[in-house]
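Below is one structure, written out as C-alpha cells; the observations come after it.
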Amino acid sequence: MLLPVLVAWRNLTYDPIRCGLYTLGIAFAVVLMGVQSGILNAMLESNTRLLQSLEADCVLIHPQRSSLMFRPAFPRLRLEQARAVRGIERVTPLYLDYQAGEWLATQVPRPERRPKRRIRVIGIDPRMPPLTGLHIPPEDWQRLQQPGTALYDRRARPDASRGTSTVYGPLGEGCTGELAGQRLTLVGSGFTLGFDFAADGTLIVSEQTFARWLREPFTPPGMDPLDAVDIGLIRLQPQAPRKQILDELRQRYTPIPDVEVLTLEQLIQREQRFWLMNTPIGFAFGAGMLLGFIVGLVICYQILSGNIADQLAQYATLLAIGHTPGFLRMVVTAEAMLLAGSGFLVGIGTTAGVQSMLEGWTGMPFHFTPVRVVVLGGATVGMCWLSARLAARHVEKVDPADVF
Amino acid sequence: MSSDHHDSVTSSHGRWNGGGSAHPAKAPSVREPLLQVEGVDHFFGRGEARTQVLFDNHLEVLPGELVIMSGPSGSGKTTLLTLIGGLRTLQYGDIRIWDQERGAPISLRGLAEKELIIVRRRLGFIFQRHNLLESLTAWQNVQMAVALRPRPQASQEARDLLQYLLLGDRDVFGRAQTPKFDYIPSRLSGGQRQRVAIARALINRPRLILADEPTAALDAHSGLAVITLLRFLARPRPAQELQELLRNGDESREQGQLAEWQIPLLERLAGSGGATTLIVTHDPRIMHQADRIVHLERGRIVANVVVAERLFVRDALRQSPPFAAILPEELAHLADELLIGVHPDVPLRPDQLAAARDRVAAFAPGTAILREGEAVSEQSHAYLIRRGHVEVFRRDTRGNPEKVAELGPGQSFGEVALVMDRPRNATVVAKEYVETYLIRREVFRRYEAISRPFIERMLVSFRPGNAFG
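Heads up: the sequence lines are chains P and Y, in that order.
The first sequence begins at 0 in numbering that gives the first Met the number 0 and counts up by one.
The second sequence begins at 0 in numbering that gives the first Met the number 0 and counts up by one.
Structure representation (C-alpha cells):
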C-alpha cells in the first residue's frame, strides 16, 4: 500500500526545481479559489455586519422579509406575545430605513455640496441599546436622547476623488445636515460598521427621531408612526432554558401569519443566502472559484500526464514484471494527492497573505473559518483526484510488450 | 556437457520454493518440460496490414536448461519471447509453463489479463533496454520487484546480488569502489543500469528467466559474471570450472574474469540451481554456454539442438568404424541429421518417439534387434545406442549362440552388413530398455569410398573384433 506513495514521492521530488514548479502550479489554483471564496465570504459577511453586532438571542421578523433592505415590517403589538413568555429579559423593537433617509450635508458651502444620497438609518431606544457589537460609549447614547441628533458611521463609503471625505461629504461630531429634508446634527465619536451592497453609510437615531424624521410624513393621521417594527430583538435571562423558550416562542407565533421566530444565526444565514442567490455576487465569485478549479485541474493533469509520458517505457516494464495497472493508477493518484497536499499548504499560506493585503486596502472582513479551510482543501483534493482519474487513462494504454 | 544433467533436473528443490507458498513446491519430473511451445503462429496488424511473424513453432525446454535463441533480426525471436512471457496475447497454438505451486503446467492460451499478471510475476525478465525508474535509486528499483513477492531474506539477497554484479564496494580486481546502491539511473553507466535491471529480474528467484540481449551493454567482466550466474542458477557445476574463470592476463582482458570474492556470493545466490533460462542473443561470448540452441529464420524455428546430444552423437559416430576416417565437418553434418533435440540422458516419451520415427527407435528388453544371417535391404539401418545396453551373440562353430560382446550408450552396431552388403554377422538383443538412433543405408553409400576399405582392413586385422552387424 505504501509503495505507490513512495514511488510517487520519488517521481515528484527527484528533480527539486520541477517539484517546486509543480507545487507553485497547484498553489496558483488554490490561491485563485481561496481568494475568490475569501472575497465572496467577506462580502456576505460585510452585508450582515449590522446583524452580527446586535445583542439578541432570537429575533422576530416578518416571514416574507427576504432581506433587511426590503419590507414588510410587522405590527408593534406582536412584541407583546413574546413579553409574556417566562425567562425573557426584554424585547426591543429595531427600526430600519433604507429608502426614505437621504442625507444632505448642509454645513459645506453650497458649490462643494454633494448631492443628496440615501443612507441607512437605524432607529433604536437609546436607553437600552441592543447594539453592543458597535462598542458605542454610554455618553454617546446619552446624547442621542436629544431629538434631532444622530450617531454616525466613521467608515461610510469613502469618496475616492476627495481623499478622506465620504460620499456623503464630511461626517463627524457637530456636522449638520438634512435627513429626509429635516435638519439633523451628528453627535458622539462615531462608530465603525462599514459600507456594503445595500448601504454606503449608517446613522443611528433614537426612536422618536426616527418616527419624526422618517415615518411621520408617510403615516396617515391618527396612526402610530412606530407601529411597523422591522426586527424584534429578544434577549433571554441568563441561565434561562434557551431551547425550551425558543420552542415556546415558536409555538406562540405559529398561528400569527406576519411574524416568525428565528435565532440571530438563522437570520444572518437567511440574509447571506439572499445576497448569494439574488445578486450577481454569488455567480461572479462562484464562476471565479470554478475557474480556479478548472485551471488547477488542467495544471495537475498536465503534470501527471507529462510524468506518465516521460516514463511510459518504465511503466510498461513494471507491468511486464508483474505489477498491475491498478498499481500504476495508484502511483498516479498518489502523485496527485501529494501535489494536492503541497499545493494546498503553499496556496493557503499565499491566500492568507493576499487576504490580509486586501483587508488593508478595502476594509472588507476576511476570515479563515474552519469550514472555509476544509472546503478549500476538499476542492484541492477533488481537483487533483479528478485530474488523476483523467491522467490514469494514459496508464491503461501502456502495453507491456512495448518494452522489447 | 557432463552427464550430471539427469541428476540436476531432479534435484531442483530447496531454496527455490517460491516464498510463502502453502504447498511444497513440485518440480516437473524429468520427462516433463518446464516450457512447452506448441504450434504457435502469430500475426501483427489487422486487415490488409496483417502479417504473419511466427509460423507453427514447436519448442520444449527441460527444467534447468540454458537455451539460447539466435537468428537474424526480424526473425521473430523477441516476439516468441514476449509470447512466452505473457506480454502478448497468444493467438494460435499453445504455450504451457510448469506451475511450481500447482505442480502442473499452466496454459497461457486464453488466460485473462489478471492471470497473465500472476504468470509474469513468476518469471524473470531481462530487457534489452533496462527501463529503470528514473527517480528511484538502484536499490529501490530492485525493491520494486521484491515488493511483488516479499521475503524476509530478500534484502540480504539483493545486497549479495548487486555486490556480485560489481555494483557494490569492490570491483573485479578487489579494489575498493563507491557502492552504486543509492545512485539513480542517470548517475550510472549503461552497463551498470543493465546490471541493476538484471538484479531486478533475478531477485525473486524465478524458475524461468527470459532475457533479451542481457549482455549487450556489458563489459567483459560483468558479462562473464552475468552468464556465469545464469549457468549456476541452472545447475551446479564442477568447482574446477570456477577456478578457470579466475584467470588473468590476455584471456581476462578478452573474455573477462571472476574475482575470488565473487565465488561465495555466486554459490549463495545460485543455491542448488534449477532455473531455466531463455536468452535471445547475438553475443558470441555466451553462445557456447548453451545447453540448447534454437535458431529462428523468418518466423520459424529451423534448428533446435541440444548441445549435449550433438556432442554425444558426434563422439559416437567418430568411434564407429565406417565414419572414423571422414572429415570432421562432414561428420558434424551427419550427426546433425540424426539429432532429435532431446538430451541423451533423458528417456523419450511416446510422442517424441512417434515424431522422430525415422531417426530413433526403442526396444523392450529381450527384443532381437538384429538376427545373424539376415539379409540387408535398402530399408535396413545401422544403430547407434542412445540409452541402455545390448548383448551381441554369434553362432560358434557348432552353431550355438555365444555372447561375444555387450554394447552401451555411444556405441554402434549393424554398419558392417550395410557397408559390405552382406548378411548380418551377429544377433543383437536388447538387454534392457534400449533407445537407438537409426542410420539409414543411404548414408553409408555417401561415404562408401572411404569407409569400405577401412572396414575391410579392420575385419581382417581384428576379426572377430569390435564391428558387429
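Note that CB positions come from ideal geometry on N, CA and C, so glycine has one too.
Range covered by the beta strand (DSSP E) that runs through P104/Y: Position 105 of the second sequence, counting from 1, holds the residue named residue 104/Y. Start and end: A103 to S106.
With a threshold of 7 Å on Cβ separation, who are the neighbours of D211/Y within its own chain once the five nearest residues in sequence on each side are excluded? Stepping through the second sequence from its first residue, residue 211/Y is reached at position 212. Contacts found: T77, L80, I125, F126, Q127 and V279.
Would you say E133/Y faces chain P, with C-beta separation under 8 Å as the test? Here residue 133/Y is taken as the residue at index 134 of the second sequence, counted from 1. At least one chain P Cβ lies under 8 Å of E133/Y.
Using a Cβ cut-off of 8 Å (strictly closer), state whether N40/P contacts chain Y. Locating residue 40/P in the first sequence gives position 41, where the first residue counts as 1. No, N40/P lies away from the interface with chain Y (no Cβ there is under 8 Å from its Cβ).
Is there contact here, the stretch 368-386 of chain P with the stretch 49-68 of chain P, by at least three beta-carbon pairs under 8 Å? no
Between F27/P, V30/P, R77/P and A319/P, which lies nearest to P254/P when the distance is taken from Cα to Cα? Mapped onto the first sequence, residue 254/P falls at position 255. Nearest C-alpha to P254/P: R77/P.
Can you confirm whether Y13/P, when its beta carbon is compared against all beta carbons of chain Y, has any partner nearer than 8 Å? Start at 1 with the first residue of the first sequence, and residue 13/P comes out as number 14. Judged by the 8 Å Cβ criterion, Y13/P is in contact with chain Y.
Does any C-beta atom of chain P lie closer than 8 Å to the C-beta of T81/Y? The residue labelled residue 81/Y in the question sits at position 82 within the second sequence. Yes, T81/Y lies at the interface with chain P (some Cβ there is under 8 Å from its Cβ).
Proximal chain P residues relative to L512/Y, where beta-carbon distance stays under 7 Å: A query on residue 512/Y cannot be resolved here, the shown segment of chain Y reaching from 0 to 468 and no further.
Uninterrupted alpha helix (DSSP H) stretches inside the stretch 189-275 of chain P (no shorter than 4 residues): 206-209 and 241-252
Span of the alpha helix (DSSP H) holding I117/Y? For this step, residue 117/Y is matched to residue 118 along the second sequence. Taken as a continuous stretch (DSSP letters only), the alpha helix (DSSP H) holding I117/Y covers E112 to R121.
Using a beta-carbon distance cut-off of less than 9 Å, what residues from the stretch 197-216 of chain Y approach chain P? Shown in chain order are the members of the stretch 197-216 of chain Y whose Cβ falls below 9 Å from a Cβ of chain P: R199, A200, N203 and D211.
Per DSSP, the bridge partner or partners of W102/P: Indexing the first sequence from 1 puts residue 102/P at position 103. According to DSSP, W102/P bridges with R116/P and L178/P.
Helix, strand or coil: which one does DSSP assign to H366/P? One-based indexing of the first sequence puts residue 366/P at position 367. Three-state result, H366/P: coil.
Beta bridge counterpart(s) of P92/P as assigned by DSSP: Along the first sequence, one-based indexing puts residue 92/P at 93. Answer is G231/P, bridged to P92/P.
Closer than 7 Å at the beta carbon, the chain Y residues around T316/P: For the purposes of this step, residue 316/P is taken as the residue at position 317 of the first sequence. Under the 7 Å cutoff, chain Y gives F126 and N130.
Could you spell out where the alpha helix (DSSP H) holding N140/Y opens and where it closes? Position 141 of the second sequence, counted from the first residue, corresponds to residue 140/Y. Where N140/Y is concerned, the enclosing alpha helix (DSSP H) stretches over A137 to V145.
Chain P contact residues for I183/Y, given Cβ-Cβ distances below 7 Å: Here residue 183/Y corresponds to residue number 184 of the second sequence, with the count starting at 1. Ordered by position in chain P, the residues that pass the 7 Å Cβ test against I183/Y are Y13.
Output needed in chain order: residues of the stretch 325-352 of chain P with a Cβ under 8 Å from some Cβ in chain Y. none
Using 8 Å as the limit for Cβ to Cβ distance, is A312/P near chain Y? On the first sequence, residue 312/P is found 313 positions in, with the first residue counted as 1. True, the Cβ-Cβ gap to chain Y drops below 8 Å.
Which first and last residues belong to the alpha helix (DSSP H) in which F69/P is found? Residue 69/P sits at position 70 when you count from the first residue of the first sequence. Neither: F69/P is in no alpha helix (DSSP H) and is coded neither H nor E.
Rounded to a whole number of angstroms, what is the C-alpha to C-alpha distance between D246/P and L43/P? In the first sequence, the residue the question calls residue 246/P occupies position 247. In the first sequence, the residue the question calls residue 43/P occupies position 44. D246/P and L43/P: Cα-Cα distance of roughly 29 Å.
Determine the chain P residues that contact R120/Y at a beta-carbon separation under 8 Å, and present them in chain order. Along the second sequence, one-based indexing puts residue 120/Y at 121. Simply I320 and G321.
Neighbour list for V394/P in chain Y, Cβ cutoff strictly below 7 Å: Position 395 of the first sequence, counted from the first residue, corresponds to residue 394/P. Correct list: empty, because the minimum Cβ distance to chain Y is about 14 Å.
Given a threshold of 16 other Cβ atoms within 10 Å of its Cβ, counted over all protein chains shown, does L277/P qualify as buried or as exposed? Position 278 of the first sequence, counted from the first residue, corresponds to residue 277/P. The amino acid at residue 277/P is misidentified as Leu; the sequence shows Asn. Exposed, since its Cβ has fewer than 16 Cβ neighbours within 10 Å.
What is the rounded straight-line gap between the Cα of Q254/Y and the Cα of L223/Y? For the purposes of this step, residue 254/Y is identified with residue 255 of the second sequence, where counting begins at 1. For the purposes of this step, residue 223/Y is identified with residue 224 of the second sequence, where counting begins at 1. Roughly 7 Å between the two C-alpha positions.
Pairwise C-alpha distance: A200/Y and P235/Y: On the second sequence, position 236 is the one that residue 235/Y refers to. On the second sequence, position 201 is the one that residue 200/Y refers to. So the alpha carbons of these two residues sit roughly 20 Å apart.
Output needed for A55/P: all residues of its chain with C-beta closer than 7 Å, excluding positions within five of it in sequence on either side, in chain order. Numbered from 1 along the first sequence, position 56 holds the residue referred to as residue 55/P. Excluding positions up to five away in sequence, the list reads P129, L232, I233, R234 and L263.
Endpoints, the beta strand (DSSP E) within which E296/Y is located: Here the question's residue 296/Y lines up with position 297 in the second sequence. First-last of the beta strand (DSSP E) with E296/Y: R291 to E296.
Which one of M382/P, V374/P, G346/P and G352/P has the shortest CA to CA distance from G19/P? Against the first sequence, residue 19/P aligns to sequence position 20. Ranking the options by Cα distance to G19/P, first place goes to G346/P.
Contact criterion: CB-CB distance below 8 Å. Does M143/Y meet it with respect to chain P? Residue 143/Y sits at position 144 when you count from the first residue of the second sequence. Interface residue, yes.
Close beta carbons around I498/Y, own chain, < 8 Å, minus the five adjacent residues each side: The displayed coordinates of chain Y run from 0 to 468. Any statement about residue 498/Y would go beyond what the structure contains.
Out of K113/Y, E328/Y and R397/Y, state which residue places its alpha-carbon closest to the alpha-carbon of H322/P. Here residue 322/P refers to the residue found at position 323 when the first sequence is read from its first residue. Considering only K113/Y, E328/Y and R397/Y, the residue with the shortest C-alpha distance to H322/P is K113/Y.
Does the stretch 83-102 of chain P come into contact with the stretch 202-217 of chain P, if we say contact requires no fewer than three beta-carbon pairs (one atom in each stretch) closer than 8 Å? yes
So which of V171/Y, D159/Y and F172/Y has the shortest CA-CA distance to F180/Y? Residue 180/Y sits at position 181 when you count from the first residue of the second sequence. The shortest C-alpha separation from F180/Y is found at D159/Y.
Mind listing the chain Y neighbours of R9/P? Cutoff is C-beta to C-beta under 8 Å, in chain order. The residue you call residue 9/P lines up with position 10 of the first sequence. Going along chain Y in sequence order, the residues near R9/P (Cβ under 8 Å) are L132, S134, L135 and Q139.
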